[in-house]
Amino acid sequence: MTTPEPAAPSGSDGPAAASSARGSPGSARPSRRGRRTDLFAVLSFVLLGLWVTARLWLDPGSGVRDNRSDQSQFEWMMAHGARVVTHFAYPFHSNQMNVPDGVNLMANTSVLSISLPLTPVTLLLGPRVAFLVFLTLGMIATATAWYFLLSRVLIGSRGPAWLGAGFCAFAPAMVSHANGHPNIVSQFVVPLLIWRTLRLGDPGRWLRNGILLALVIVWQAFLNLEILLMTAVGLGVIVGVLAIGRADLRSRARSFLAGLAVAAGLAALLLAYPLYVQFFGPDAYSGLSRLIRGYSSDLASFVAYSREALAGSPRTAAGLAKNPTEENSFFGWALVVLVVGLVWWMRRSVVVLALAGLGLLFAVLSLGREVRFDNRGTGVPGPWAALENLPILHSVVPTRWALAITPIIGLLLAYGAERARALADSHPAARGQIRFVTATVLTMALLPIVPTPLPVTRLDPVPTFVTSGAWRPYVTGGRSVVTLPLPDTTYADPLRWSAQTRLDMPLARGYFLGPDTRPNAEAPRVALFGAPPRPTSTFFTTIRRTGAVPPITPQGRVRAVDDLRFWRAGVVILGPHEHETALRRGMTELTGIQPSFTGGVWVWDVRSLTD
1 MTTPEPAAPS
11 GSDGPAAASS
21 ARGSPGSARP
31 SRRGRRTDLF
41 AVLSFVLLGL
51 WVTARLWLDP
61 GSGVRDNRSD
71 QSQFEWMMAH
81 GARVVTHFAY
91 PFHSNQMNVP
101 DGVNLMANTS
111 VLSISLPLTP
121 VTLLLGPRVA
131 FLVFLTLGMI
141 ATATAWYFLL
151 SRVLIGSRGP
161 AWLGAGFCAF
171 APAMVSHANG
181 HPNIVSQFVV
191 PLLIWRTLRL
201 GDPGRWLRNG
211 ILLALVIVWQ
221 AFLNLEILLM
231 TAVGLGVIVG
241 VLAIGRADLR
251 SRARSFLAGL
261 AVAAGLAALL
271 LAYPLYVQFF
281 GPDAYSGLSR
291 LIRGYSSDLA
301 SFVAYSREAL
311 AGSPRTAAGL
321 AKNPTEENSF
331 FGWALVVLVV
341 GLVWWMRRSV
351 VVLALAGLGL
361 LFAVLSLGRE
371 VRFDNRGTGV
381 PGPWAALENL
391 PILHSVVPTR
401 WALAITPIIG
411 LLLAYGAERA
421 RALADSHPAA
431 RGQIRFVTAT
441 VLTMALLPIV
451 PTPLPVTRLD
461 PVPTFVTSGA
471 WRPYVTGGRS
481 VVTLPLPDTT
491 YADPLRWSAQ
501 TRLDMPLARG
511 YFLGPDTRPN
521 AEAPRVALFG
531 APPRPTSTFF
541 TTIRRTGAVP
551 PITPQGRVRA
561 VDDLRFWRAG
571 VVILGPHEHE
581 TALRRGMTEL
591 TGIQPSFTGG
601 VWVWDVRSLT
611 D
């Protein structure tokens, strides 16, 4: 094998020996057995992916219960990818949401590397099915990619590879992000990045390998830049440690560095314009708000159980994460004890020590600017306090550094299982006892974190007014549709409605990250969820939260007309809502226009006010 591999853990002879122990590669029988094992592994990942998302598949009218807003946003993004293909729309910015300013999609989760290939699914089956395919196949593909990296490159044994790959794709943090974050659970490019990075040292192939790595980098960049950054940091640490700790790899340094230069140069060239749009284009922002950068991991969460784990519940996770989608550090005490034991057992391995150090680094970074324990501040500053305002890092949510610990633990589990297998093979008399102890320890650590199906909720059907196209006459001449309540982080259903129209229906405001342009903003153009508030949007936000209509003044009516003109509103619609009566009364008194009920929504024709 010409690939520069990490050192096998102490007690294991690595891939070559593992292959030899099972029979020669040219043997027909082992080859068939190996293919059957591979098929079993992939099928098990398919079953696990379908198990986690089962309730979504079984109920066509359901959505993820704990993050409806992000699901609506991703359905909109899937429709945008299809629109790029069918309408040759500009991929990096859209004016179909947040009229008239639009949305910088490079600065949001546009997932073009997925939405473009899934265009046929979006067009034929709709954006909800496309979202569900993205979510389910993302987890399955992630497990499969890790399995083949571990079984073919890093370890060479299929059983340990299956164990590590299954953890990498279905660990508590990954299942937590399955609540509306398909771009984060879809980490199948990460093993490819590792594989292509390891191949950079192949003698005489630096140009080819550099080009291939650059293409994989670009692929991941259009899936999730945060995961790309964390992977780059992790690979940088591991490669640096191997370069220092293993003299046999230094002879390949010239080829490695040449390939790395090609990869960096070509990736920078291909991403130069998209990244320019992201950081300097229309509606670009400069870092996340201080509130979002305060999302950190609670020190007590590392030994707690996630609410989506077999041993977990909302009670076990209460107060230890900002929301159910960000339970990045919930490993459970049994697994933490096992990981510490594995590191001590395999401490002679440079790779294991490097992985352990990297995991500890990510854990410390995830604690944020102040260490918290059991939902209380300790007053102890975290290292992130000195880093959070740096360029690039000011756009990272610190708790997600703990997400990067998941593949590290997956690798340690695989290396540990492989060493146990090799130990059993080298001690035939104790083979049964070794296997029994291994199975018992793994069961005790992993059974409590077996994932449960995602909880779901019924989604209100898209109103007939939207699906029938009855809104079209109102938006001619560049007008928009204003929905009540106006869409934001907690009410994003209008994005789902727009996605059903293939984004033909333009929306005022929306759910996205955009620059805070208010004079009293905490920092110039810092990221804000949604557009900066306007008097009328604030008015209806109050009604949505309280169910009460604030006092309406002549000045408020003037401001409402100004806001409708700013939004280029052609029609205002109100769908089913718990505060429907108050919302209807508020809009009617603000505009003096009586609504009509048609197609399941209340309709205000406001063209006479905005012409």
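Number 141 in the working numbering belongs to position 141 of the sequence shown; there are no gaps in the numbering.
All residues carry an ideal CB built from backbone N, CA and C; glycine is no exception.
Rounded C-alpha distance that separates residue i from residue j
i	j	result
L200	I155	19 Å
N67	Q73	10 Å
P407	W345	19 Å
T476	T490	29 Å
S251	L291	48 Å
M174	V52	11 Å
F134	I114	7 Å
T197	I227	16 Å
V340	A420	16 Å
A582	G547	6 Å
R559	T588	14 Å
D493	A404	31 Å
L48	L423	30 Å
Neighbourhood of residue i by C-beta, 6 Å cutoff - its chain only, sequence neighbours within 5 removed
i	result
I641	Nothing about residue 641 can be read from this structure; the chain reaches only from 1 to 611.
S296	L367, G368, P398 and T399
V241	A354
W602	L574, R584 and P595
I138	The amino acid at residue 138 is misidentified as Ile; the sequence shows Gly. Once the five neighbours on either side are set aside, the close Cβ partners of G138 are P182, V185 and S186.
L342	L412 and G416
P203	S255
V561	L609
L123	A82
V316	With the sequence shown as reference, residue 316 is identified as Thr, and Val is not the correct amino acid for it. Closer than 6 Å at Cβ, skipping near neighbours: A304 and Y305.
Start and end residues, alpha helix (DSSP H) containing residue i
i	result
G265	A253 to F280
P576	Here P576 belongs to no alpha helix (DSSP H), and DSSP marks it neither H nor E.
D283	No alpha helix (DSSP H) contains D283, which DSSP labels as neither H nor E.
V364	V350 to S366
S372	First, the amino acid is wrong: residue 372 is Arg here, not Ser. No alpha helix (DSSP H) contains R372, which is instead part of the beta strand (DSSP E) from E370 to F373.
R496	D493 to Q500
S596	Note, S596: premise wrong, no alpha helix (DSSP H); beta strand (DSSP E) at S596 to T598.
P120	T119 to L125
T476	Looking at the DSSP string, T476 is not in any alpha helix (DSSP H), and its letter there is neither H nor E.
W57	A54 to L58
P314	P314 to A317
Beta carbon proximity, residue i to chain C, threshold 8 Å
i	result
N95	No chain C is present in this structure, which holds just one protein chain.
Where residue i sits in the DSSP three-state scheme
i	result
D66	coil
N104	strand
A86	One detail in the question is off: residue 86 reads as Thr in this sequence, not Ala. It is helical.
G236	helix
G201	helix
G23	In this prediction, G23 has a pLDDT of 38, which is less than 50 and means its spatial position is unreliable; nothing more can be read from the coordinates.
R29	Because R29 carries a pLDDT of 47, less than 50, the predicted location of this residue cannot be relied on, and the following value inherits that uncertainty. Looking at R29 - three-state DSSP - the assignment turns out to be helix.
G570	strand
A304	coil
M1	Reliability of the predicted coordinates at M1 is poor, the pLDDT of 36 falling under 50, and the value obtained from them is presented with this limitation in mind. In this structure, M1 counts as coil in the three-state DSSP scheme.
P533	coil
V339	helix
T347	The sequence as given places Arg at residue 347; Thr does not occur at that position. The answer is coil: DSSP assigns R347 none of H, G, I, E or B.
S44	helix
T378	strand
S94	strand
V190	helix
V549	coil
A309	strand
V111	coil
Contacts around residue i, its chain only, beta-carbon distance under 8 Å, and the 5 residues preceding and following it disregarded
i	result
V380	E370 and V371
V85	L116 and T119
N323	D66 and N67
Nonlocal neighbours in the same chain, by C-beta distance under 7 Å from residue i, ignoring five residues either side
i	result
N108	F512 and L513
R128	E75
R377	According to the sequence displayed, residue 377 carries Gly and not Arg. Correct list, in chain order: E370.
Y147	A41, A161, W162 and A165
E522	S289 and R290
Endpoints, beta strand (DSSP E) assigned at residue i
i	result
W604	V601 to D605
S480	S480 to L484
V216	Taken as a continuous stretch (DSSP letters only), V216 belongs to no beta strand (DSSP E), being part of the alpha helix (DSSP H) at W206 to A221.
Continuous alpha helix (DSSP H) assignments of at least 4 residues falling wholly in the stretch 393-472: 405-426, 431-446 and 464-467
Enumerated in chain order, which unbroken segments of the alpha helix (DSSP H) with a length of 4 residues or greater are wholly contained in the stretch 128-187? 158-170, 172-177 and 182-185
Only counting runs of 3 or more residues, tell me where the beta strand (DSSP E) segments fall wholly within the stretch 505-529, in order along the chain. 513-515 and 527-529
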